[in-house]
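A.B. asks: Take a look at this one; I'll ask things after.
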Amino acid sequence: MATVIQDRPDLDVRESYQLSTGTIAILNQGEINEMLAAWLFQVAKRWPYLPTPVRPQGNQIARQRNMAVERMLGDWLLFLDADMVPPSTDVLLDLVASEADIVSGVALERWPPFHVGATSLETREKLRLNDLPISGPLEVATVGTGCLLIRRGVFAVMDPPWFRCGQIDPQYLTEDSEFCLRAANAGFRIVLHCGVRVGHLATGVLWPGRNGQRWIEWRGPVDVRESVEETGGEG
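Our numbering puts the last residue of the sequence shown at 237; the count rises by one with no breaks.
Encoded structure:
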């Protein structure tokens with residue numbers, strides 16, 4: 003089935019769109035950031051019939067995601083990591099209205115070179131932001147689960163546990179990549195909704211260099227330091 007995505011439908015159509023019932027699951031350890039908390043409040047205000055978001059606990063992320071699937075109500079499940087920052091409630095509307103079975107918003111990794119959380123269908127390499135069109139659907143090989151909507155029918159076709167690590171290809175050791183590979187093998191397309199852009203809360207450490215240069219150290223799999231250019235403003 004063709005994937006139909008409208009990035010900026012008519013505002014009247016947006017307001018009248020009847021969002022189907024589904025479940026939002028907030029994942030990862032730590033507190034929900036205040037911007038995400040405010041977004042969840044606005045979602046509940048706009049669509050009061052949606053069930054209360056689920057927050058599976060535990061120290062294994064794959065198990066948390068499987069628990070979310072077991073607890074889902076309705077037609078879809080939206081995974082949001084606790085450090086995601088959706089800019090508006092239209093993020094949820096656009097993902098649900100896309101009609102794609104597996105569809106992700108665009109989010110960047112939290113460390114340099116800040117790749118998109120998705121890999122190319124052709125090369126299997128991580129995508130860069132300038133690889134993407136401004137809007138519309140892009141079929142990809144894998145996506146992260148930071149802002150990922152999955153229809154109930156996908157879970158019905160796939161055998162549990164739906165999320166697991168490193169059992170298909172040693173190159174893909176994370177639960178999100180392995181899920182995408184298994185879903186593709188089951189006949190589903192993995193879609194990146196390039197019109198949905200989501201913030202990702204990042205942590206950096208500012209260092210005062212002895213030579214007068216300022217540096218920011220990004221924490222990730224490999225710590226990276228970058229110089230901070232003068233902006234003319236006061237810090």
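Glycine included, C-beta positions come from ideal geometry on N, C-alpha and C.
Can you have a look at A188 and say buried or exposed, based on whether 16 or more other CB atoms are within 10 angstroms of its CB?
C.D. replies: By the 10 Å Cβ count, A188 comes out exposed.
A.B. asks: Give me the residue from L29, S22 and R216 with the minimum Cα distance to E101.
C.D. replies: Residue S22 is the option with its Cα nearest to E101.
A.B. asks: Is there contact between the stretch 46 to 61 and the stretch 108 to 125, where contact requires at least three CB pairs shorter than 8 Å?
C.D. replies: Not touching, per the Cβ criterion.
A.B. asks: According to the neighbour-count rule (16 or more other Cβ atoms, all chains shown, within 10 Å of its Cβ), is G155 buried or exposed?
C.D. replies: By the neighbour-count rule (16 or more Cβ atoms within 10 Å), G155 is not buried but exposed.
A.B. asks: How is the beta strand (DSSP E) around G197 delimited, first residue to last?
C.D. replies: Here the beta strand (DSSP E) through G197 covers I192 to R199.
A.B. asks: State the DSSP-derived secondary structure class of I63, mapped to helix, strand or coil.
C.D. replies: Helix, per DSSP.
A.B. asks: Could you check which residue in F43, H195, N61 and S90 has the C-alpha nearest to that of G146?
C.D. replies: The shortest Cα separation from G146 among F43, H195, N61 and S90 belongs to H195.
A.B. asks: Using the Cα positions of T144 and A64, report the straight-line distance between them to the nearest angstrom.
C.D. replies: Cα-Cα distance, rounded: 16 Å.
A.B. asks: With a threshold of 6 Å on Cβ separation, who are the neighbours of M74 within its own chain once the five nearest residues in sequence on each side are excluded?
C.D. replies: T25.
A.B. asks: Between F157 and D103, how many whole angstroms is the CB-CB distance? I'm expecting something under 8 Å.
C.D. replies: With 8 Å as the limit, F157 and D103 do not qualify as a contact, their Cβ atoms being about 10 Å apart.
A.B. asks: Could you give the DSSP three-state label for S229: helix, strand or coil?
C.D. replies: In the structure shown, S229 sits in a strand (DSSP, three-state: E or B).
A.B. asks: Would you mind sorting Q215 into buried or exposed? The rule is 16 or more other CB atoms within 10 Å of its CB.
C.D. replies: Q215 is exposed by the Cβ-count criterion.
A.B. asks: Which runs of the alpha helix (DSSP H) spanning at least 4 residues fall entirely within the stretch 14 to 48, listed in chain order?
C.D. replies: Listed in chain order, they are 36 to 48.
A.B. asks: Tell me, to the nearest whole angstrom, how far the beta carbon of L95 is from that of I152; I am working on the premise that it is less than 8 Å.
C.D. replies: Wrong, their Cβ atoms sit about 16 Å apart, outside the cutoff.
A.B. asks: Where L203 and S18 are concerned, what is the direct C-alpha to C-alpha distance, given to the nearest angstrom?
C.D. replies: Taking the straight line from one Cα to the other gives about 32 Å.
A.B. asks: Could you name the residues of the same chain whose beta carbon sits closer than 7 Å to that of A185, not counting the 5 residues immediately before and after it, in chain order?
C.D. replies: Same-chain partners within the cutoff: I104, V156, M160 and I192.
A.B. asks: Between which residues of its own chain and I28 is the CB-CB distance below 7 Å, once the five residues before and five after are set aside?
C.D. replies: Hits under 7 Å: I34, P55, R57, L82 and A84.
A.B. asks: Between the Cα of P88 and those of D77, E72 and S106, spot the shortest distance and give me the residue it belongs to.
C.D. replies: Per the Cα distances, S106.
A.B. asks: Helix or strand or just coil, what does DSSP make of L79?
C.D. replies: Strand at L79.
A.B. asks: Is it buried or exposed, S229, if we count other Cβ atoms within 10 angstroms and call 16 or more buried?
C.D. replies: S229 comes out exposed.
A.B. asks: Enumerate in chain order the residues of its own chain whose CB-to-CB distance from Y51 is below 6 Å, with the five nearest sequence positions on each side excluded.
C.D. replies: Excluding positions up to five away in sequence, the list is empty.
A.B. asks: Would you identify the three-state DSSP class for L110, choosing helix, strand or coil?
C.D. replies: Of the three classes helix, strand and coil, the one that applies to L110 here is strand, per DSSP.
A.B. asks: Just to confirm my understanding: we take V226, look at its own chain, exclude 5 residues before and 5 after, and list those with CB closer than 8 Å. What are they?
C.D. replies: Here the set comprises W113, P114, E219 and W220.
A.B. asks: Alpha carbon to alpha carbon, how far is D178 from R166? Give it in angstroms, no decimals.
C.D. replies: So the alpha carbons of these two residues sit roughly 8 Å apart.
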